[in-house]
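J.:
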Amino acid sequence: MELPDEFEPFFVSATGNTPYEYQRALWRSSTPPSILEIPTGAGKTHAVLVAWLYERLVKRRGPRRHLLRTAVVAVTGVYRPRLR
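Just so we're aligned: 76 in this note's numbering is position 78 of the sequence shown, and the numbers increase by one with no gaps anywhere.
#1: With a Cβ-Cβ cutoff of 7 Å, do A40 and L24 count as a contact?
#2: Under the assumption that F9 contacts V48 (Cβ atoms under 8 Å), give the Cβ distance between them as a whole number of angstroms.
#3: Reducing DSSP to helix, strand and coil, say where L1 ends up.
#4: Run the CB neighbour count on L34, radius 10 Å, all protein chains shown included, and call it buried at 16 or more, exposed below.
#5: For Q21, collect the residues of the same chain with a Cβ closer than 8 Å to its Cβ; drop the 5 residues on either side in sequence, then sort them by chain order.
#6: Checking 7 Å against the spacing of the C-beta atoms, do P17 and S11 come in under that value?
#7: What are the boundary residues of the alpha helix (DSSP H) that includes R26?
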């Protein structure tokens, strides 16, 4: 299976949804926030895990730690984006 080179098509392929702007901003961020304050059901898990998978699988960079540990670090700064 060939993976999309760009983040948005990768995100759509992984989740079936177009990413919200906060999900794109989180992926572009060089330092993940300590707290991700987003409403329930707005894709926090997808924001963190798909960004990590994209960096690891497509860009071949990012932490190689266990996925759960990486996710905890990524969602552990306060980030309060506005959803459309």
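Just so you know, even glycine gets a beta-carbon here, dropped at the ideal spot from N, CA and C.
As the structure is a prediction and not an experimental result, all values here were calculated from the model.
T.: Based on what the coordinates show:
#1: no
#2: 5 Å
#3: coil
#4: buried
#5: F9, G41, H44, A45, V48 and A49
#6: no
#7: E19 to R26
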